[in-house]
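Okay, structure first, notes after.
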Amino acid sequence: MASITIKSLPPALHEGLKEAARRNHRSLQGEIIACLERHVEGLPRRRAELLAEAAALRERLPRFDHALVDEYKRAGRA
């Protein structure tokens with residue numbers, strides 16, 4: 018299993034993690050792993066939410082007429 022070292026952890030964050038570990042009946046390491054797992058597991062859902070939001074925005078945009086753009090290009094070259 019891989020390991021990491023966290024340097025310069027702010028004291029308030031360290032105390033918060035220790036308190037959360039105590040409340041959740043975990044070691045400090047177990048609490049940090051649980052926090053990281055929750056964060057990483059949430060990433061795909063967030064990505065899916067953003068893609069759905071982008072699709073909804075795209076649907077509200079006016080349709081693009083490529084034939085009209087080609088016509089404008091030809092008119093500009095005459």
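Going left to right, the sequence shown walks through residues 18 to 95 as this note's numbering numbers them.
We put the CB at the ideal spot given by N, CA and C, even for glycine.
Item to complete: Just mark E88 as buried or exposed, buried being the case when its beta carbon has 16 or more other beta carbons within 10 Å.
Response: exposed
Practice prompt. Keeping to the same chain, check which residues put their C-beta closer than 6 Å to that of L53; ignore five residues upstream and five downstream.
Written response: Closer than 6 Å at Cβ, skipping near neighbours: no residue.
Worksheet item: Would you report the Cα separation of R80 and L60, rounded to the nearest angstrom?
Response: 32 Å
Item to complete: Could you check if E48 is buried or exposed, using at least 16 other CB atoms within 10 Å of its CB as the buried criterion?
Response: buried
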